[in-house]
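Visitor:
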Amino acid sequence: MQCYQAMTTNTLTAVTDGRFQDATWTTNLLHRFANYYFAAMSAYDHDHIHTPAVWKLAFDAARQKQTNVLQNLFLGVNAHINYDLALTLYDVLHEEWPTLSAEQRTNRYQDFCLINDIIAETIDQVQDEVVERESPALALLDWLGGGMDEFIIVEMIRGWREEVWRKGVEMVEMADADGRASIRLTVEQNCLRRGQHILLT
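Residue numbering for the sequence shown follows the numbering used here, beginning at 118 and increasing consecutively.
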């Protein structure tokens, strides 16, 4: 939760500072993205049956306390980026996409990618305020890594988000409902595989 708050706060600050080409669209993206996260938490608290499988994996792991702080962090990031964000992109793009010019579509993508830079700017803050406070031993690893750990994490998330953009646009451009459902299932399955891998590391 603290990780999510830090990322969201810094992104909203960037919106206010005028760093995005379309502040309204970016704000809408952020709010819709947040709704998926809070809906998953609410579903898990009240009825596990309706919790998305990728979030149930993350929440179960945190509740059972058999994972470390980094595993819990990455399980949440995996679910929120690789699953929620793909659905969010469909939500905010599917109605307007046919009417957007090539330049406008590029602007959407550039605003989406700018969030990668904000994530990179926030990684140290998350590590200092969340990870190392929960697991002080990781501070030593951070010091020994000399910044390489942050670089690896940022590049991993950048790669995830690039894949999510492609899948989101695939869903938007898929006219057939069954085709969209198939893409969504692929997104979910890939996300679950990543989550299982995180649990094994």
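Cβ atoms here follow ideal geometry from the backbone N, Cα and C, with glycine treated the same way. Quantities reported herein were computed from a predicted structural model and do not represent experimental measurements.
Nearest-angstrom Cα distance between W220 and L316?
Guide: Mapped onto the sequence shown, residue 220 falls at position 103. Mapped onto the sequence shown, residue 316 falls at position 199. Sequence check: residue 220 is Glu here, not Trp. E220 and L316: Cα-Cα distance of roughly 41 Å.
Visitor: Identify which residue in R275, R311, E290 has its Cα closest to the Cα of I232.
Guide: Mapped onto the sequence shown, residue 232 falls at position 115. Looking at the Cα atoms, R275 is the closest of the given residues.
Visitor: Could you check if G312 is buried or exposed, using at least 16 other CB atoms within 10 Å of its CB as the buried criterion?
Guide: As a first step, residue 312 is located in the sequence shown; it is residue number 195 there, counting from the start. Under this definition G312 is a buried residue.
Visitor: Using only alpha-carbon positions, find the residue among Q183, A237, S159 that is nearest to T128.
Guide: By 1-based counting over the sequence shown, the position of residue 128 is 11. Ranking Q183, A237, S159 by Cα distance to T128 puts A237 first.
Visitor: Using CA atoms only, rank isn't needed, just tell me which of V271, V209, H314, E280 is closest to V304.
Guide: On the sequence shown, position 187 is the one that residue 304 refers to. Cα-wise, what sits closest to V304 is E280.
Visitor: From N189, F155, A170, W282, pick the residue whose C-alpha is nearest to that of T318; which is it?
Guide: What you label residue 318 is simply residue 201 of the sequence shown in a count that begins at 1. Measuring from the Cα of T318, the nearest candidate turns out to be N189.
Visitor: Distance, Cα to Cα, V271 vs M291?
Guide: The residue you call residue 271 lines up with position 154 of the sequence shown. The residue you call residue 291 lines up with position 174 of the sequence shown. So the alpha carbons of these two residues sit roughly 30 Å apart.
Visitor: Check this for me: beta carbons of V289 and Y226, under 8 Å apart or not?
Guide: Taking the sequence shown and counting its residues from 1, one reaches residue 289 at position 172. Taking the sequence shown and counting its residues from 1, one reaches residue 226 at position 109. Contact: no.
Visitor: Can you check whether the CB of D228 is closer than 8 Å to the CB of D139?
Guide: Here residue 139 refers to the residue found at position 22 when the sequence shown is read from its first residue. Here residue 228 refers to the residue found at position 111 when the sequence shown is read from its first residue. Result yes, Cβ atoms of D139 and D228 sit closer than 8 Å.
Visitor: Just the Cα atoms here: how many angstroms apart are Q306 and W214?
Guide: Working through the sequence shown from its first residue, we reach residue 306 at position 189. Working through the sequence shown from its first residue, we reach residue 214 at position 97. Their Cα atoms are separated by approximately 26 Å.
Visitor: Assign N233 to one of three DSSP states: helix, strand, or coil.
Guide: Taking the sequence shown and counting its residues from 1, one reaches residue 233 at position 116. Helix at N233.
Visitor: Determine the burial state of G193: buried for a count of at least 16 other Cβ atoms within 10 Å of its Cβ, exposed for fewer.
Guide: On the sequence shown, position 76 is the one that residue 193 refers to. G193 is buried by the Cβ-count criterion.
Visitor: Quick one: is N199 buried, meaning 16 or more other Cβ sit within 10 Å of its Cβ, or exposed?
Guide: Locating residue 199 in the sequence shown gives position 82, counting from the first residue. When all chains shown are included, N199 counts as buried.
Visitor: What does the alpha-carbon distance come out to for the pair T125 and L147?
Guide: As a position in the sequence shown, residue 125 is number 8, starting the count at 1. As a position in the sequence shown, residue 147 is number 30, starting the count at 1. Distance between the alpha carbons of T125 and L147: 8 Å.
Visitor: Any idea what DSSP makes of D103, helix, strand or coil?
Guide: A question about residue 103 goes unanswered here, because the residues of the chain that appear run from 118 up to 318.
Visitor: What is the DSSP secondary structure of S218, counted as helix, strand or coil?
Guide: Along the sequence shown, read from residue 1 onward, the residue named residue 218 stands at position 101. In the structure shown, S218 sits in coil (DSSP, three-state: anything other than H, G, I, E or B).
Visitor: Give a yes or no on whether the C-beta atoms belonging to A123 and Q242 are separated by under 8 Å.
Guide: Here residue 123 refers to the residue found at position 6 of the sequence shown. Here residue 242 refers to the residue found at position 125 of the sequence shown. Yes, the pair counts as a contact, with Cβ atoms nearer than the cut-off.
Visitor: Does the Cβ of L204 have 16 or more other Cβ atoms within 10 Å, making it buried, or fewer, making it exposed?
Guide: Position 87 of the sequence shown holds residue 204. Result: buried.
Visitor: Could you name the residues of the same chain whose beta carbon sits closer than 7 Å to that of V132, not counting the 5 residues immediately before and after it, in chain order?
Guide: What you label residue 132 is simply residue 15 of the sequence shown in a count that begins at 1. Same-chain partners within the cutoff: A140, T143, T144.
Visitor: Only counting the same chain, and skipping five residues up and downstream in sequence, which positions put a Cβ closer than 8 Å to that of F155?
Guide: Within the sequence shown, residue 155 is the residue found at index 38, counting from 1. Hits under 8 Å: none found.
Visitor: Between the alpha carbons of R222 and I300, how many angstroms are there, rounded?
Guide: Working through the sequence shown from its first residue, we reach residue 222 at position 105. Working through the sequence shown from its first residue, we reach residue 300 at position 183. R222 and I300: Cα-Cα distance of roughly 21 Å.
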